[in-house]
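Each remark here refers to the structure printed beneath this line.
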Amino acid sequence: MPPAHHLRIRLACPARFLRTVLLVLCGTGTAQAAHVLVDAGHGPQRTGATGASGRAEYRYNRDLAAALARALAALGERVTRVEGLDADIPPALRPAGAPAADLLVSIHHDSVQAQYLAAGRQAEFAGYSIFVSTRNPDYAGSLNCARRIGARLRAAGETPSGYHTEPIEGENRPFVDRPLGIHRYDGLAVLRAAPMPAVLIEAGVIINPQEETRLGKPETVARLARAIARGVRDCLG
Ligand SMILES: [Zn+2]
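The sequence shown begins at 0 in numbering that gives the first Met the number 0 and counts up by one.
Okay, structure coming up:
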């Protein structure tokens, strides 16, 4: 973890670009626009899941987070991006990238439990999931945004993954809204620590070779980003 005074300096707006710890870009959009904090999950040291090709989740997260920021800006929203560059950012500190933002969207890509990987069953898993936490101070607002985003992802042709409800260790994330692919996951620090409504999106399952190929295509990234951005706009108005 970097020293706290480093974070204070680097979280200051207007925009700063400091490769050593953190990227925060502030202030696209008008003052009246909704302000969205877009978080690219994981970092260059702990890179999250590993795709079937060996490409790290963090790289997928960065690509989609960047596309989401562009899509939100195109809708006139104000965007702050937070992502680790040369060092990881602890999840609980990520909301501090823009503590007055109206919504935090944390972008991730999924794997499956080790037992399925060991059994060679990764091709059976695909689809997106959205997580909300009842420990977020605005759970109702979080769930509302999750539903709007889920509806836009469904309309864009995406399908919820569904497997996070399995009664096995590491899963057990009950559905809050099954048709829209929304789960409750109270243990996620980035959602719990956020003072604003917050959602975490697993955009797809990169351990599945076919799904990974699809998720890596620029047109898929752009389509997912547009769908999420429209859901955000639906929810924030
Ligand atoms: Zn992740």
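Virtual Cβ for every residue (Gly too), placed ideally from N, Cα, C.
{"Item": "According to DSSP, is residue 20 helix, strand or coil?", "Value": "Caution applies to residue 20, whose pLDDT of 43 falls short of 50 and renders its modelled position unreliable; the value that the coordinates give is listed next. Coil."}
{"Item": "Count the other CB atoms, across all protein chains shown, that sit within 10 Å of the CB of residue 52; report buried if there are 16 or more and exposed otherwise.", "Value": "exposed"}
{"Item": "Residues in its own chain within less than 7 Å of residue 219 by CB, not counting five upstream and five downstream?", "Value": "213"}
{"Item": "So, is residue 167 buried or exposed, given that buried needs 16 or more other C-beta atoms within 10 angstroms?", "Value": "exposed"}
{"Item": "With a Cβ-Cβ cutoff of 7 Å, do residue 198 and residue 144 count as a contact?", "Value": "yes"}
{"Item": "Would you mind stating whether residue 66 and residue 224 have Cβ atoms separated by less than 7 Å?", "Value": "yes"}
{"Item": "What residue does the beta strand (DSSP E) around residue 244 start on, and which one ends it?", "Value": "Nothing in the structure corresponds to residue 244, since the chain is present only between 0 and 236."}
{"Item": "Please name the residue in 111, 91, 70 whose C-alpha comes closest to that of residue 169.", "Value": "111"}
{"Item": "Along the chain, where does the alpha helix (DSSP H) that runs through residue 185 open and close?", "Value": "Unbroken run through residue 185: none, as it is neither H nor E."}
{"Item": "Measuring CB atoms only, is the segment 93-110 touching the segment 186-202, in the sense that at least three cross pairs come out at less than 8 Å?", "Value": "yes"}
{"Item": "Opposite residue 35 in the DSSP bridges: which residues?", "Value": "78, 102"}
{"Item": "Could you tell me how far apart the beta carbons of residue 34 and residue 95 are, in whole angstroms, since I believe they sit closer than 8 Å?", "Value": "That belief does not hold up - the Cβ atoms of residue 34 and residue 95 are roughly 14 Å apart, past 8 Å."}
{"Item": "Does the Cβ-Cβ distance between residue 179 and residue 146 come in under 7 Å?", "Value": "yes"}
{"Item": "Which residues neighbour ligand 1 when neighbourhood means a C-beta less than 5 Å away from any of its non-hydrogen atoms? List them by chain order.", "Value": "40, 47, 107"}
{"Item": "Hey, would you say residue 64 sits closer than 7 Å to residue 228, going by beta carbons?", "Value": "no"}
{"Item": "Less than 7 Å separating the beta-carbons of residue 62 and residue 204?", "Value": "no"}
{"Item": "Quick one, which of 91, 149, 163 has its alpha-carbon nearest residue 187's?", "Value": "91"}
{"Item": "Going by DSSP, which residues form a beta bridge with residue 55?", "Value": "49"}
{"Item": "Would you kindly work out how many angstroms separate the C-alpha atoms of residue 140 and residue 177, rounded to a whole number?", "Value": "18 Å"}
{"Item": "What residues in its chain sit with their C-beta under 7 Å from that of residue 48, if we drop five residues either side in the sequence?", "Value": "56, 108, 109, 110, 205, 206"}
{"Item": "With H, G and I counted as helix, E and B as strand and the rest as coil, what does DSSP make of residue 201?", "Value": "strand"}
{"Item": "Mind checking who residue 127 pairs with in its DSSP beta bridge?", "Value": "159"}
{"Item": "Quick check: what's the CA-CA separation for residue 160 versus residue 134?", "Value": "24 Å"}
{"Item": "Report yes if the CB atom of residue 182 is closer than 7 Å to the CB atom of residue 130, and no otherwise.", "Value": "yes"}
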